[in-house]
Amino acid sequence: MSAPRSSVAFYRFVRALIYVFARLYWRLTVEGSDNLPATGAYIVSPVHRSNIDTPLLALISRRRLRFMGKDSLWTNPVSAWLFSALGGFPVHRGTADREALRRCVEVIEGGEPLVIFPEGTRQDGPLVHELFDGAAYVAIKTGVPIVPVGIGGSERAMPRGAKGLRPGKIHLVVGTPLYPPEPMWAVAPEGEENAGAPAAGKRASRRAVRELTERLRKEIQPLFDQAQVRAGA
31 MSAPRSSVAF YRFVRALIYV FARLYWRLTV EGSDNLPATG AYIVSPVHRS
81 NIDTPLLALI SRRRLRFMGK DSLWTNPVSA WLFSALGGFP VHRGTADREA
131 LRRCVEVIEG GEPLVIFPEG TRQDGPLVHE LFDGAAYVAI KTGVPIVPVG
181 IGGSERAMPR GAKGLRPGKI HLVVGTPLYP PEPMWAVAPE GEENAGAPAA
231 GKRASRRAVR ELTERLRKEI QPLFDQAQVR AGA
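All letters in the sequence shown, in the order written, are residues 31 to 263 by the numbering used here.
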């Protein structure tokens, strides 16, 4: 699922426009970008308080970040090309989450960074809500690190229900990567052919997924607090 050269060039062009606007209108600053792995795939797991969080995340790295979007955004050929060029890929709402997770694994295996909002959807308030296990599952399944990110000031800049953008200070804090434990091999039941061999590929135990999700929760709240203070929110 690697991007065509033209799509990457378009992404960089749009990223440059976002950077100029965010620096001027929101006095945006980014802290900790050097924590991002220089090469290879990884998962960016930020708090989610505003619809502008996704474009803001493009500013933490010069590499193209991938993200999920509802499949209705891809019904029009023009919008389909636009969102794909900007790093998005469609998932079908109302279907099992396993499809979305499968697409995430494909992106990671293609060597690209991926954004997964661990709170699931946009939330409100200063406290990190209960986290879903998707980021931890994909990290363990693929062996890539999770990079937690705190975003301060975006909820004030565009709160839920707002129809326009408001001026203010926005600050992003990139945390240190969380490396997952080694994935287990799925083993065929005793007595079956190839028992003891990695017949079914890698899988993540529920305990390992829960533990990594808890590690992420403990890391992301302080980053969110720090970002909010720096943003004056």
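Where is the CB? At the ideal position from N, CA and C, for every residue including glycine.
DSSP places residue 59 inside the beta strand (DSSP E), whose first and last residues are 59-61. Approximately 5 Å separates the beta-carbon atoms of residue 182 and residue 263; this is inside 8 Å, confirming the contact. For residue 83 and residue 90, the gap between their C-alpha atoms comes out near 11 Å. Taking the Cβ atoms as the reference, residue 65 lies roughly 5 Å from residue 204, within the contact range of under 8 Å. In the DSSP assignment, residue 145 forms a beta bridge with 74. Taking 9 Å as the cut-off, the beta carbon of residue 103 is found no closer than this to the beta carbon of residue 76. Between the C-alpha atoms of residue 149 and residue 39 there is a straight-line separation of about 31 Å. Take the alpha-carbon of residue 177 and the one of residue 207: they are about 4 Å apart. Residue 80 has its alpha-carbon roughly 17 Å from the corresponding atom of residue 251. Collapsing the DSSP output to three states places residue 96 in a strand.
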